[in-house]
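This report concerns only the one structure given below.
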Amino acid sequence: MLLFLQARAPSTSPPHLGQTPLWWEVSLTLKTDGDYKLDEGGPAVVGHYSFAIRWTGWLEKDDHDYLLYRLDCRLCDWEAQERSSLTESPGVLTTNDFRERPSFALKYIIRDKDDLRLDFIVDRMAVPQADPEDAFVLLLPSSETNGQQESQVDYNACVIKGSNRVEVPESDIYAGPVAKTFTWAWKHQQWLPKERRTVFTSQSHKVEVGLSIIPRFSRPKSVRP
15 MLLFLQARAP
25 STSPPHLGQT
35 PLWWEVSLTL
45 KTDGDYKLDE
55 GGPAVVGHYS
65 FAIRWTGWLE
75 KDDHDYLLYR
85 LDCRLCDWEA
95 QERSSLTESP
105 GVLTTNDFRE
115 RPSFALKYII
125 RDKDDLRLDF
135 IVDRMAVPQA
145 DPEDAFVLLL
155 PSSETNGQQE
165 SQVDYNACVI
175 KGSNRVEVPE
185 SDIYAGPVAK
195 TFTWAWKHQQ
205 WLPKERRTVF
215 TSQSHKVEVG
225 LSIIPRFSRP
235 KSVRP
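Counted the way the working numbering counts, the sequence shown spans residues 15 to 239.
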């Protein structure tokens with residue numbers, strides 16, 4: 015279950031020995047660097063992008079499951095460039111020319127046996143930005159639990175290095191602060207039929223996810239916007 019609340023971080027007192035946390039402060043930072051290409055066997059579109067997203071919130075125990083509350087989610091950094099030689103006058107698009115920006119959703123933290131697994135996704139975009147008629151889907155990072163089930167491409171099957179399984183042992187969040195880093199590389203290539211021709215598309219990205227979960231022993235104070 016996912017809830018969206020606004021709150022401010024409370025002051026906390028040191029726990030007593032054996033005290034169970036009332037909630038956990040959660041922060042996730044995702045950094046990505048990627049490329050894409052559309053090739054017609056001559057003229058081509060080549061794009062590069064990088065971005066960083068930071069998500070903050072908290073987690074509470076709810077019987078055998080957990081409730082996830084969002085405090086904030088922001089795009090901290092976003093750079094993009096696209097070069098096209100499909101027209102007589104080659105053009106270059108920069109960050110401000112892109113119609114879409116990366117959008118992140120941490121949907122759930124799911125209890126799976128002895129582990130807590132994160133379900134998150136950065137929403138896909140359409141590229142090339144300069145040529146909507148030839149656009150294809152640019153897939154952006156997601157966790158293994160999400161898998162981008164709505165996409166025709168099996169995202170998890172295209173992870174070529176590392177792992178996008180983002181999880182922590184449940185017992186770890188009771189033992190003290192958790193800080194983990196997850197990295198993976200992803201790549202997908204295919205031929206796409208277009209009107210009276212076939213084009214080759216390629217896309218890849220590298221991902222680094224930093225996850226922090228800190229036990230807290232006093233309730234946060236909610237504030238209304």
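Cβ atoms here follow ideal geometry from the backbone N, Cα and C, with glycine treated the same way. None of the values given here were measured: they were computed from a predicted structure.
Once you ignore the five residues that flank Trp198 on each side, which residues in its own chain have a CB closer than 7 Å to its CB? These residues qualify, in order along the chain: Val173, Lys175, Gly176, Ser177, Asn178 and Val221.
Write down the C-beta distance between Leu153 and Val167 rounded to the nearest angstrom, noting that I regard them as a contact closer than 8 Å. 6 Å
Excluding the 5 residues flanking Asp284 on each side, which residues of the same chain have their C-beta closer than 6 Å to its C-beta? Nothing can be reported for residue 284: it is not among the residues displayed for the chain, which extend from 15 to 239.
According to DSSP, simplified to helix, strand and coil, what is Glu209? coil
What residue range does the alpha helix (DSSP H) around Asp186 cover? Residues Asp186 to Ala189.
Extent of the continuous beta strand (DSSP E) to which Thr70 belongs: Here the beta strand (DSSP E) through Thr70 covers Ala58 to Asp76.
Pull up the CB-CB distance for Ser157 and Leu130, whole angstroms please, since I reckon it's below 8 Å. Actually they are not in contact, since the Cβ atoms of Ser157 and Leu130 sit about 12 Å apart, beyond 8 Å.
Endpoints, beta strand (DSSP E) assigned at Asp49: Trp37 to Asp53 is the span of the beta strand (DSSP E), which, as asked, contains Asp49.
C-alpha distance - Gly55 paired with Val213, whole-angstrom precision: 8 Å
Extract the residue ranges of the beta strand (DSSP E) inside the segment 90–119, only unbroken runs of 3 or more that lie entirely within it. 105–108
Span of the beta strand (DSSP E) holding Val173? Val173 to Gly176
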